[in-house]
Structures are given as C-alpha cells and as structure tokens.
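Undergrad: Just dropping this structure here.
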Amino acid sequence: MKIIGETKQLISDIDIFWDTISRSALAFRSGIKHYLAGRTEKFRSDLEDISKLENETDTMRREIKYKLYSHMLIPESRGDVLGLLETTDNVVDSIKKVLLQFDIEKPEIPESMKEEFMELTKMSVKTVDEMVLASRAFFREISIVNDHINKVHYFEHEADKIEEDLKRKAFNSDIIKDLSRKVQMRYFVEKVALISDEAEAVCDRLSIYVIKRSF
Amino acid sequence: MEAILIFLSSGLFLGWSLGANDAANVFGTAVSTKMIRFTTAAVICSIFVIIGAVLGGAGASDTLGKLGSVNAIAGSFTVALAAGLTVFLMTRTKLPVSTSQAIVGAIIGWNFFSGFQTDVSTLVKIVYTWILCPVLAGAFGFALYRLIILYIRKSRIHMIRIDHYTRIGLVIVGAFGSYSLGANNIANVMGVFVPVSPFRSIEIGGIVISATHILFFLGALAIALGVFTYSKKVMSTVGSDIFRLSAIDALIVVLSSALVLFIFASEGLQAFLISYGLPTFPLVPVSSSQAVVGAIIGIALGKGGKNINFSTMGKIGIGWIFTPLASGIISFILLFFMQNVFMQTVFN
Numbered sequence: 040m041k042i043i044g045e046t047k048q049l050i051s052d053i054d055i056f057w058d059t060i061s062r063s064a065l066a067f068r069s070g071i072k073h074y075l076a077g078r079t080e081k082f083r084s085d086l087e088d089i090s091k092l093e094n095e096t097d098t099m100r101r102e103i104k105y106k107l108y109s110h111m112l113i114p115e116s117r118g119d120v121l122g123l124l125e126t127t128d129n130v131v132d133s134i135k136k137v138l139l140q141f142d143i144e145k146p147e148i149p150e151s152m153k154e155e156f157m158e159l160t161k162m163s164v165k166t167v168d169e170m171v172l173a174s175r176a177f178f179r180e181i182s183i184v185n186d187h188i189n190k191v192h193y194f195e196h197e198a199d200k201i202e203e204d205l206k207r208k209a210f211n212s213d214i215i216k217d218l219s220r221k222v223q224m225r226y227f228v229e230k231v232a233l234i235s236d237e238a239e240a241v242c243d244r245l246s247i248y249v250i251k252r253s254f
Numbered sequence: 002m003e004a005i006l007i008f009l010s011s012g013l014f015l016g017w018s019l020g021a022n023d024a025a026n027v028f029g030t031a032v033s034t035k036m037i038r039f040t041t042a043a044v045i046c047s048i049f050v051i052i053g054a055v056l057g058g059a060g061a062s063d064t065l066g067k068l069g070s071v072n073a074i075a076g077s078f079t080v081a082l083a084a085g086l087t088v089f090l091m092t093r094t095k096l097p098v099s100t101s102q103a104i105v106g107a108i109i110g111w112n113f114f115s116g117f118q119t120d121v122s123t124l125v126k127i128v129y130t131w132i133l134c135p136v137l138a139g140a141f142g143f144a145l146y147r148l149i150i151l152y153i154r155k156s157r158i159h160m161i162r163i164d165h166y167t168r169i170g171l172v173i174v175g176a177f178g179s180y181s182l183g184a185n186n187i188a189n190v191m192g193v194f195v196p197v198s199p200f201r202s203i204e205i206g207g208i209v210i211s212a213t214h215i216l217f218f219l220g221a222l223a224i225a226l227g228v229f230t231y232s233k234k235v236m237s238t239v240g241s242d243i244f245r246l247s248a249i250d251a252l253i254v255v256l257s258s259a260l261v262l263f264i265f266a267s268e269g270l271q272a273f274l275i276s277y278g279l280p281t282f283p284l285v286p287v288s289s290s291q292a293v294v295g296a297i298i299g300i301a302l303g304k305g306g307k308n309i310n311f312s313t314m315g316k317i318g319i320g321w322i323f324t325p326l327a328s329g330i331i332s333f334i335l336l337f338f339m340q341n342v343f344m345q346t347v348f349n
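Pasting the structure below:
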C-alpha cells in the first residue's frame, strides 16, 4: 500500500513541477507586458512570483530526484528524467534572470519597438508552453511528444526572426540614438530570445529520450 | 538412508545447477534491471518452484518414464550424473545447454546400455516439443508485446505508474514462471528416480503424500538451494549477451516462457483441452533458456525485426543435436564403469 501512495505522490510531484514551469512562463509574459506598459508595481509582483516559482522548481526537482533514487523507481529512465528536469530548470533560471535584469537596468524600450518586443516575448513563452506539453507527453503519451517538439522548433525559429529584426531596427535605424542604448537593447532582445533557445535545447534532449523509450 | 542420499546426490546436483542457472531465466532481468531485489526474487522463486514441482511435476515426468524407465537406483544415479556432467562441461565450453536435452540423451544412453527399446513415438514427441518450445514462446512474445504496447499507447498511463505495474507484474509473472519451471523441469532432476524411488508414501492428517511427491520435494529443495547460493551471479549477467531488455520486455519474456513451460507441464490444461475435444500439448520437460531466447526473438520481431542475432538461433540448433548426443555417450560410458568397475546394478 505504501508504494501505491508513493507512486501517486511522485506522479503528482512531477505534474506540479510542469505546472510551475507553465506558471513561470505566464508570469514572465505578464511581467514584460507590465514593464512595457510602465506598471512598475505589477512588474515587481510578477518578478517576486517568478523568484518563488524558481525556488519551488528547485525544491521539487530535488525531491523528485530523491524519490526516484531512494525507491529505485523507473531504473531505465530515471537518468533521462532527471536530465530533463535539470535542463528545464535552466529555462526557469533564465526567465528569472531576464526579469531581474529588467528590474536592475530598467532599459528604455522605444515606443515603436514595444509591440515587436512583446511579440518576441510571446514567441519565447510559446516555446516554453510547447516544451511543457512535450515533457508531459513524455510521461503519458510518448507518441505525441514529437508533435510538440516540432512546434517548439517552429516557434523558436519565429523568435529568431523577430530577434534579428529587432536588432536590425536597433542598429540600422534612428529609433535608438545612443550606441550604449543600442547595445543594451541588443542584450535584452538576445536574453528574451535565449529563453526559446533553452526550451529548444530541452526538446533536443527530449527527442533522444523518446527514441530511447520508444516501444 | 546414507546410500539412498548418495544415489540421489547426482539428481540433487542437477537440481542445484538448474536452480543456479534457470532461475535467472525467470527473475534475472527483473533483478539485473533493479526492478526487484535479489532476496525477494530468490524467496518467491524457491517457494513457487517447490509448489510447482510437488503439485504439477508428474505429467512431464511420466513422459520421461515412457522414454526409458530406469529400473535400478545406481542406473538412475548414473543417468542423472551423466546429464549433470554434460550440463557442466557444455557450460564450461560456453555452449548452449539444456538440462531437458541432457537428461533425455542420458536416458537413451541407458536404453542402449541396458538393451531396452527406446520408445520412438515418445522420442519423436519430445524432439518435436523441443522445436515447438522456442517457436511457441516466440509467438507468445510477439503477441503479448504487441498487445501490451497497444494498451500502454491507448491508455496513456503515466511512466511512473507503468513502472509500478511492471514491478507488480514481474513478481506475479515471476511466481508463475517459477511454478512452471518447477512443474516442467522437476522431471529432469528427479524423473529418472521415480521408478526406483526409495521413499514410501506417508500420511499426515488424512493427506497422503506419495513417494514421488517426497522425491520431487527434495529435488525442488535442491533447486531452491541453487537459487540462493549461485543464481545471483547468473542473474546479474542474464540478457546482456542477447541484448539489453527493458523491464516491460522482461515481463513479456518471463510470461511467454512461463506459459510455454506451463503448457508442456500442466495435466489440468491437458484434461481441459481433452474435455472440449481440442488438440493437446504433450507433457514434456523443455528448456526454459530456449523458451527465453524464443520469446526475446518474438519481441524483437514485434519491434520490427531489426538487430536480431540469428546466430543465437543457430546455437540453439547445435544444442538440440549436441547436448543429447554428448549426454548419451557420457551416460553409456559411465554406466559401463558403474557396472564393471564399481560393481553396481544399473538395470534389472
């Protein structure tokens, strides 16, 4: 009976882990939206939420790792599962760092670039959402994992295009005058786009795990 | 009593080696993939091997009796010793070996030595069963693999839950596999001693325990001893020489081979099939190792048939011919020595 309870608890822990990642992505989108709109208080609240969520994912990852090893569960796949959770943790770390950097540097995003900057944010968040769906499917329905991974590749590519466009606008137009601000703009554009790259890196690993686990 | 034990020792040795090697076919992958602890596996295996041997061992043993009823205890000792030696020598030379084939060869060796006629129809039945055993296990492996995978895909069960169910499944199927191993293979260990059983039936609380049951119980104890003393080593390497099996593959392999061993051992199933006018399976001791290889090939075919090492099947073929031949010759030579050097009656 004990092991049934432990199995249930572990499944629930893993589900909550992915919920937390989803919530971090949502909080990130909300944070950037509030920042661009100049709603500082709400932006700070999102940043606090993300910090809490990041701590939660760390704790949860450690707990899952402990349970997997101490109860000798899924011996063939636990290394892969832990690898997946660890690389996913990097995504949340990046999300937190980007938002924290916004709070520290307070970059000035020109009005004419705000919409596209928000578009870049949404695209990065979409890659994270699809990465979460792919990862959830890995545990329950392995045959559809690749459908989500393909979407991640697509959104990441779209994010790259927006990233390039924003950088060109920053450097090849008069929208931003100072070189220092141009460089700062490039830095933030790259950091937001990096989230989609990291989600893609998670999916690259995942696609190998899928091959290993394919029946 | 001491003399009886000395004469039984070759059968008990055969039992020990069966426990040491064949228990790995039942629980090896589960233990090597760390799904079940060795002690748990060994306890379950021993209990169910004993139950299987005592309750279900008579059928396959009768068939061996029909092939050649060794009628002197020194003869039985020598026949079992020849089979044991063959298993030992072939294992040392890394040739695939089956206790079932070794004992059949040794009995035929005794038939030749004693001048008794070998029942050709029984021999044909046995040989045809040996071929049928891996083929049937392969068919079970293929079908079970497809069914289980289809179920997993449709039901969207969580990976952790699948792991949990697989673990429970491995214990249940392992217990069934151990029962089938005991029921089917006890004939190899103690079958040749049945006609010359030194024991008498005893009655405990109104239940009569026959001399054969006592004999089978002793043989099963020897198997259990083999499981506890030596099978851990074998279990840790099982499967790696063919290919790495997943826990679900292991479950299917054990279930498939257990079903085959059960089919060729169960008098109940035979009676059931007869009652419905269906064709029956002969009750013959078969090789659990070959059933395992058959089941693994079945799974590999279920996965699309890639990377199958067909040389393994060739090796089984060599085993079919070489094991009974070697065992027959060794048996003949040992019987000669037993009769002419140690002055023992090896047949009446």
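Chains A and B, in that order, give the protein sequences.
Heads up: the first sequence begins at 40 in this note's numbering, then just goes up one per residue.
Heads up: the second sequence begins at 2 in this note's numbering, then just goes up one per residue.
In this text, a Cβ means the ideal position worked out from N, Cα and C, and glycines have one as well.
Remember, it's a predicted structure, so these values are computed and weren't measured experimentally.
#1: Assign ILE205 (chain B) to one of three DSSP states: helix, strand, or coil.
#2: Among the candidates B:VAL293, B:GLY85, B:GLY170, whose CA atom is the shortest distance from the CA of MET36 (chain B)?
#3: Exposed or buried, what is GLY12 (chain B) when buried is set at 16 or more other beta-carbons lying within 10 Å of its beta-carbon?
#4: Since LEU75 (chain A) meets chain B, which of its residues come closer than 8 Å, beta carbon to beta carbon?
#5: Applying a beta-carbon distance threshold of less than 8 Å, which residues of chain A neighbour ILE161 (chain B)?
#6: How about ALA248 (chain B): is its C-beta nearer than 8 Å to some C-beta of chain A?
#7: Can you tell me the Cβ-Cβ gap for VAL254 (chain B) and THR30 (chain B), rounded? I've got them flagged as a contact below 8 Å.
#8: Between the C-alpha atoms of THR119 (chain B) and PHE113 (chain B), what's the straight-line distance to the nearest angstrom?
#9: For ARG252 (chain A), which of B:ALA138, B:VAL342, B:MET160, B:LEU145 has the nearest alpha-carbon?
#10: If contact means a Cβ-Cβ distance below 7 Å, which residues of the stretch 28 to 47 of chain B contact chain A?
#11: Quick one, are the C-beta atoms of LEU92 (chain A) and ALA76 (chain A) less than 8 Å apart?
#12: Taking GLY303 (chain B) as the reference, which of B:LEU151, B:SER198, B:GLY110 has the closest Cα?
#13: Does the CB of HIS214 (chain B) have a neighbour CB from chain A at under 8 Å?
#14: Run through chain B and tell me which residues come within less than 9 Å of SER182 (chain A), C-beta to C-beta.
#15: Measuring only between beta-carbons, confirm whether SER61 (chain A) sits less than 8 Å from chain B.
#16: To the nearest angstrom, how far is the alpha carbon of ILE149 (chain B) from that of PRO325 (chain B)?
#17: Using a beta-carbon distance below 8 Å, is SER246 (chain A) in contact with chain B?
#18: Roughly how many whole angstroms lie between the Cα atoms of PHE177 (chain A) and VAL184 (chain A)?
#19: Quick one: what's got a C-beta closer than 7 Å to THR346 (chain B)'s C-beta in the same chain, skipping five residues either side?
#20: Assign THR87 (chain B) to buried or exposed, taking buried as 16 or more other Cβ atoms, counted over all protein chains shown, within 10 Å of its Cβ.
#21: Taking 7 Å as the cut-off, is the C-beta of ILE132 (chain B) nearer than that to any heavy atom in the ligand FAD?
#22: Below 8 Å CB to CB, which residues in the same chain sit around PHE89 (chain B) once its five sequence neighbours on both sides are set aside?
#23: Output the distance between the C-alpha atoms of ILE163 (chain B) and LEU252 (chain B), rounded to the nearest integer angstrom.
#24: Reducing DSSP to helix, strand and coil, say where ALA309 (chain B) ends up.
#25: Go to PRO199 (chain B), then tell me how far its alpha helix (DSSP H) extends in each direction, as first and last residue.
#26: Strictly by DSSP, which residues pair up with ILE210 (chain B)?
#27: According to DSSP, is MET339 (chain B) helix, strand or coil?
#28: Could you work out which residues of chain B lie near SER84 (chain A), taking near to mean beta carbons separated by less than 8 Å?
#29: Would you report the Cα separation of ASP97 (chain A) and ALA198 (chain A), rounded to the nearest angstrom?
#30: Specify whether the stretch 59 to 68 of chain B and the stretch 255 to 274 of chain B touch according to this definition: at least 3 beta carbon pairs, one from each stretch, less than 8 Å apart.
#31: Here's a check: name, in chain order, each residue in its chain whose Cβ is nearer than 7 Å to the Cβ of ASP54 (chain A), leaving out the five neighbours to either side.
#32: Flag this pair as touching only if the stretch 77 to 84 of chain B and the stretch 192 to 211 of chain B have three or more C-beta atom pairs under 8 Å; answer yes or no.
#33: Please report whether the beta-carbon of ARG201 (chain B) lies at a distance below 8 Å from any beta-carbon of chain A.
#34: What is the residue span of the alpha helix (DSSP H) that THR173 (chain B) lies within?
#35: CB-CB under 8 Å to ILE52 (chain B), same chain, minus the five flanking residues each way: which ones, in chain order?
#36: For a contact defined as C-beta to C-beta under 7 Å, what are the partners of SER116 (chain A) on chain B?
TA: Taking the definition as stated:
#1: strand
#2: B:GLY170
#3: buried
#4: Simply none; closest approach about 39 Å.
#5: THR46, LEU49, ILE50, ILE53, LEU112, ILE113, PHE178
#6: yes
#7: 7 Å
#8: 8 Å
#9: B:MET160
#10: THR34, LYS35, MET36
#11: no
#12: B:LEU151
#13: no
#14: ARG154
#15: no
#16: 37 Å
#17: no
#18: 6 Å
#19: ALA73, ALA75
#20: buried
#21: No copy of the ligand FAD appears in this structure; indeed no ligand is present at all.
#22: SER18
#23: 12 Å
#24: The question names Ala, but residue 309 (chain B) in the sequence shown is Ile. The answer is coil: DSSP assigns ILE309 (chain B) none of H, G, I, E or B.
#25: First-last for PRO199 (chain B): undefined, no H or E at that position.
#26: B:ILE203
#27: helix
#28: Under the 8 Å cutoff, chain B gives no residues; its nearest Cβ is about 34 Å from SER84 (chain A).
#29: 27 Å
#30: yes
#31: none
#32: yes
#33: no
#34: Before going on, a small fix: residue 173 (chain B) reads as Ile here, not Thr. Looking at the DSSP string, the run of the alpha helix (DSSP H) that includes ILE173 (chain B) is 160 to 191.
#35: TYR180, GLY183
#36: MET160
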